[in-house]
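In UniProt numbering, the protein residues as written are 1 to 926.
Beneath this line is the structure, given in structure tokens, with notes to follow.
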Amino acid sequence: MLKSKTLMVKTRSGKILKIVREHYLRDDIDNGLLTDKLDLHPLLQNDLVPHEHFLVLDTNVILHQMDVIEHPCIKNVIILQTVLREVRHRSSPVYKRLSSILENPDKKFFVFTNEHCIETWTARKRKESSNDLNDRLIRIATKYYSDCLSDRNQQAVLLTNDEANCAFAVEEGLIAYTAEKYVKSVVGHPELLDKLAKVNEAIEVDRSISYPEHLKLSQLNSGIKTGRFKQGKLNISRENYLEGKILCPDVKGGEILIQGRLNLNRAVHEDIVAVELASEEEWSAPSDVMLDVSIQPGAEISDSVDKKVVSNAHRVPSGKIVGIIKRSWRPYCGILENYGTPGMTRHLFTPAERRIPRIRIETRQFKTLIGQRIVVAIDCWPKHSKYPQGHFVRSLGEIGDKETENEVLLLEHDVSHAPFSQAVLNCLPSPNWAIPEEELRKREDLRGFPICSVDPPGCTDIDDCLHFIDLNDGSGAVEVGVHIADVSHFIRPSTPIDEEAKCRGTTVYLCDKRIDMVPALLSSNLCSLRDDGDRLAFSCIWKMSLDAKILQTRFCKSVIRSKASLTYAQAQMMIDDPAKTDNVTVGLRGLNKLAKILKSRRILNGALSLASPEVRFHVDSETHDPIDLQTKELRDTNSMVEEFMLLANCSVAEHIQQEFPECAVLRKHPGPPPSNFDVLINAAKTKQLDLNTSTSRELAVSLDNAEKPQPGVNLYISTLLRILATRCMLQAVYFCSGLESDFKHYGLAAPIYTHFTSPIRRYSDIMVHRLLAASIGADVTFSELLDKQEIQKICNNLNFRHRMAQYAQRASVALHTQLFFRGKLVDEKGYIIFVRKNAVQVLIPKYGLEGTVFLDRDCEGNAMTMNNLNYVEQDCKIFVGSIALQVFDEVVVQISHDASNIQHQRINLKLVKPNLPGISSVPSES
Numbered sequence: 001m002l003k004s005k006t007l008m009v010k011t012r013s014g015k016i017l018k019i020v021r022e023h024y025l026r027d028d029i030d031n032g033l034l035t036d037k038l039d040l041h042p043l044l045q046n047d048l049v050p051h052e053h054f055l056v057l058d059t060n061v062i063l064h065q066m067d068v069i070e071h072p073c074i075k076n077v078i079i080l081q082t083v084l085r086e087v088r089h090r091s092s093p094v095y096k097r098l099s100s101i102l103e104n105p106d107k108k109f110f111v112f113t114n115e116h117c118i119e120t121w122t123a124r125k126r127k128e129s130s131n132d133l134n135d136r137l138i139r140i141a142t143k144y145y146s147d148c149l150s151d152r153n154q155q156a157v158l159l160t161n162d163e164a165n166c167a168f169a170v171e172e173g174l175i176a177y178t179a180e181k182y183v184k185s186v187v188g189h190p191e192l193l194d195k196l197a198k199v200n201e202a203i204e205v206d207r208s209i210s211y212p213e214h215l216k217l218s219q220l221n222s223g224i225k226t227g228r229f230k231q232g233k234l235n236i237s238r239e240n241y242l243e244g245k246i247l248c249p250d251v252k253g254g255e256i257l258i259q260g261r262l263n264l265n266r267a268v269h270e271d272i273v274a275v276e277l278a279s280e281e282e283w284s285a286p287s288d289v290m291l292d293v294s295i296q297p298g299a300e301i302s303d304s305v306d307k308k309v310v311s312n313a314h315r316v317p318s319g320k321i322v323g324i325i326k327r328s329w330r331p332y333c334g335i336l337e338n339y340g341t342p343g344m345t346r347h348l349f350t351p352a353e354r355r356i357p358r359i360r361i362e363t364r365q366f367k368t369l370i371g372q373r374i375v376v377a378i379d380c381w382p383k384h385s386k387y388p389q390g391h392f393v394r395s396l397g398e399i400g401d402k403e404t405e406n407e408v409l410l411l412e413h414d415v416s417h418a419p420f421s422q423a424v425l426n427c428l429p430s431p432n433w434a435i436p437e438e439e440l441r442k443r444e445d446l447r448g449f450p451i452c453s454v455d456p457p458g459c460t461d462i463d464d465c466l467h468f469i470d471l472n473d474g475s476g477a478v479e480v481g482v483h484i485a486d487v488s489h490f491i492r493p494s495t496p497i498d499e500e501a502k503c504r505g506t507t508v509y510l511c512d513k514r515i516d517m518v519p520a521l522l523s524s525n526l527c528s529l530r531d532d533g534d535r536l537a538f539s540c541i542w543k544m545s546l547d548a549k550i551l552q553t554r555f556c557k558s559v560i561r562s563k564a565s566l567t568y569a570q571a572q573m574m575i576d577d578p579a580k581t582d583n584v585t586v587g588l589r590g591l592n593k594l595a596k597i598l599k600s601r602r603i604l605n606g607a608l609s610l611a612s613p614e615v616r617f618h619v620d621s622e623t624h625d626p627i628d629l630q631t632k633e634l635r636d637t638n639s640m641v642e643e644f645m646l647l648a649n650c651s652v653a654e655h656i657q658q659e660f661p662e663c664a665v666l667r668k669h670p671g672p673p674p675s676n677f678d679v680l681i682n683a684a685k686t687k688q689l690d691l692n693t694s695t696s697r698e699l700a701v702s703l704d705n706a707e708k709p710q711p712g713v714n715l716y717i718s719t720l721l722r723i724l725a726t727r728c729m730l731q732a733v734y735f736c737s738g739l740e741s742d743f744k745h746y747g748l749a750a751p752i753y754t755h756f757t758s759p760i761r762r763y764s765d766i767m768v769h770r771l772l773a774a775s776i777g778a779d780v781t782f783s784e785l786l787d788k789q790e791i792q793k794i795c796n797n798l799n800f801r802h803r804m805a806q807y808a809q810r811a812s813v814a815l816h817t818q819l820f821f822r823g824k825l826v827d828e829k830g831y832i833i834f835v836r837k838n839a840v841q842v843l844i845p846k847y848g849l850e851g852t853v854f855l856d857r858d859c860e861g862n863a864m865t866m867n868n869l870n871y872v873e874q875d876c877k878i879f880v881g882s883i884a885l886q887v888f889d890e891v892v893v894q895i896s897h898d899a900s901n902i903q904h905q906r907i908n909l910k911l912v913k914p915n916l917p918g919i920s921s922v923p924s925e926s
């Protein structure tokens, strides 16, 4: 049956358009009751419902109670088309979780297309809201199922947290309960009570505590339009949980400081908030005090705590949060605090992320969960509650267990690490797949070329290979090729494997494992350019002069056969061995000479050579525990590979931007604002070094000049300066060329840049491959490829995923460093890199380790009243009595593993030299 509705719409130009909307109805829609999609006899028992029953879920139940819904006992659930559409519109994360359940046949969740069933569809009434129509459609569908089940002595139960919808359902003779009421009556599963989200229930009310009332969304939107309020994402400081900032381009400095609990007003890290700017005389300053990581936010809200952290430095725009535009809550990992009386059900949960406040939860599993890492979700934060309120989600394992701690760091950084779904695995070719003859005929055959790869030891996901050939054509020209794994041949647009790779965004490398973006069959086998057979590649080939000038560039899909899979050390040994004259070695020597020319030219153009302390762990083959670590060694071959990858990325960027000026996927690195360099400049002045930071070229020259030997200046100072310069930089980001005008990459001094060379581990490179393939006629275009808004949306996700991957990798290094120093007490040389009001931050080059030495505590870690501390910010110096500590000073620190705080175990640094009475520790060898 066809239902149609005619609308007459007037356009801006005054024309009248007739719009006919058609709605098709059928009488043969499957309701799931006569197939194996739902059980014939549902087993879940409930004291409220005496008969076998099926559940019909309202939208609000799905949005708020997914942790209950995901429990294995919740089966035989009917998801209406109306509800599914609304969930998808209101919450992408919840929709994704629901979709995973729908794909699981054991859960017995059935989607009923009620809006196309003639018995469950109804048109909207006059003046009826969309929400009221949806509620009515849900009740009609529940009535339909009740009628269908009556002959089987079974029932349909509607779960809804909408009081009005529940009341209407009962009036209409339906069985309807709130999710809380139903769950509390489930038989045999008391653990479900812990998973209930108590959205409208205040567990703790303390009238002595009162945060300011949040303004309504309509008031916030009005205030933002008039300019009274500013909108932005709250970023809580990693060093001080009492401070946060929001980006605001139209205020001085581009940021608004939010300082103190009452001004933060129950906002949580990464919430989208509305801020009221204070008058200029009320502006404050970022704190110079470093807070102890053992203190967790949420313990106090008194003004006295807030005032203690206010610095007397230059004031910056400050404000207070007046409302929440969008909550960004997620499940949080952490532990339960071990206190309270036996039988208590209300407990405090301390998140692993120090920027998140403690959370009040109810659980009846306290004895079981003590000593465990658990996951908790926030439900609400009432104005009279000291803490936000939440519910238990699941347990991860014992605190301190390496697998548990790895799971925590992956969850905390939102790294997708679940096994690939069957839908994704179904997209893979056979493990015995071989290149078809028809595919070989489409490609350039480069299997006879002296191609090789050069990678870190143990690398199995080899993205790139190189070759060098002397053309011997009398011109002195040579041919250089970069060959990249053709991942896009196997991952086609809009397939499940493509959607999964798009979501993951990048491969994440931890110290002891790798979280692949694509399944191992591709990443470590069919796409990896190993030296064990033919591989599909995408090649960038240059004709170059001997002074590394590009004479000609071409791109092609190819088939290659790598002659050698080398490590950096192996390649370096081949280059340095005069007895080796084979084609691969000769090619490596040629590549190395050209790379040195390319690098010197880049640096002359203003490219920066920065530094960061990096270490490599040697892991026990059986326990996977770290048994040794060393600073990563860089060779000429590292630089050789890097130079040609950069050159390929630049060449591809220029080409795809010319071919697709509106939708090229590019990568830019914005130049940092001048204020970012203040710390670097002041630090350099302490060693009588003047740095010019006006351009990347001037900064590069200044850093190079700092390497020249100077009286009284340690040679390592130049490395420290480069490390500090790295901290001044902004993040590089992906973007769509049609939505930006500035393409420059500050760090590389490149006018245009992209990522082409690592499609096994970066989804951005797959997007670039597709554009490049379309530009040379090797593949077809598709709608998403040319939709700049959609491209930018994907780029935003990739920027987030890459940032989280970096944080996860750093957290993995920190975890393994803790494991390495367990039971050890080591004295080691270090350098001060930052000076704070009550502490100095020290870098230990041998271990690539950075930590804080507090100067307001004794050698046992007890707080001291330090009246003899004198902090001189401009000179990056602090006096402890008559002894001065200044940035770049060499010190000796004692390194140990501190497990006193079970939640935040850490590396503890104690000062050994210089000897500060009452503060410095006795040398470990004494």
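All C-beta atoms, glycine included, are put in the ideal place defined by N, C-alpha and C.
Look at residue i and residue j and say whether their C-beta atoms are less than 9 Å apart.
i, j, result
"T350", "Q903", "yes"
"D271", "S318", "no"
"G227", "I246", "no"
"E784", "L666", "no"
"W542", "V480", "yes"
"L137", "T178", "no"
"R492", "K383", "no"
"C248", "K225", "no"
"S558", "R441", "no"
"R602", "A706", "no"
"A805", "Y509", "yes"
"T754", "A664", "yes"
"R364", "D162", "no"
"L610", "A725", "yes"
Tell me which residue opens and which closes the alpha helix (DSSP H) that residue i is part of.
i, result
"R315", "Taken as a continuous stretch (DSSP letters only), R315 belongs to no alpha helix (DSSP H), as it is neither H nor E."
"D678", "678 to 685"
"L594", "583 to 604"
"R727", "717 to 728"
"Y734", "No alpha helix (DSSP H) holds Y734; the beta strand (DSSP E) holding it covers 733 to 736."
"F168", "163 to 171"
"A571", "568 to 576"
Mind checking which residues open and close the beta strand (DSSP E) that includes residue i?
i, result
"N263", "First-last for N263: 261 to 264, but that is the alpha helix (DSSP H), not the beta strand (DSSP E)."
"K143", "Not the beta strand (DSSP E): K143 falls in the alpha helix (DSSP H), residues 130 to 150."
Just the Cα atoms here: how many angstroms apart are residue i and residue j?
i, j, result
"T553", "A485", "19 Å"
"V922", "R857", "15 Å"
"L909", "G851", "6 Å"
"R761", "L48", "52 Å"
"A899", "Q905", "5 Å"
"Q572", "I451", "16 Å"
"V408", "R801", "17 Å"
Quick test of your reading: residue i and residue j, contact by CB under 8 Å. State the CB separation rounded to the nearest angstrom.
i, j, result
"R373", "I356", "Incorrect: roughly 15 Å between the Cβ atoms, too far for contact."
"A156", "V87", "That pair is no contact at about 20 Å."
"V375", "R394", "5 Å"
"residue 927", "V853", "For the chain, the structure presents residues 1 to 926; residue 927 sits outside this window and is missing."
"N838", "L869", "7 Å"
"F54", "P42", "6 Å"
"P661", "S737", "6 Å"
"H116", "R26", "6 Å"
"C795", "Y734", "4 Å"
>> Could you tell me which whole beta strand (DSSP E) segments of length 3 or greater appear in the segment 401 to 489?
In response: Runs of the beta strand (DSSP E) lying entirely within the segment 401 to 489, each at least 3 residues long, are 452 to 455, 464 to 470, 478 to 485 in chain order.
>> As an exercise, report each continuous alpha helix (DSSP H) stretch of at least 4 residues that is fully enclosed by the segment 173 to 252, in chain order.
In response: Fully enclosed alpha helix (DSSP H) runs of 4 or longer: 179 to 183, 192 to 195, 217 to 226.
>> I'd like the ranges of any beta strand (DSSP E) spanning at least 3 consecutive residues and lying wholly in the segment 87 to 118.
In response: Taking only runs of at least 3 residues, the beta strand (DSSP E) segments lying wholly in the segment 87 to 118 are 109 to 112.
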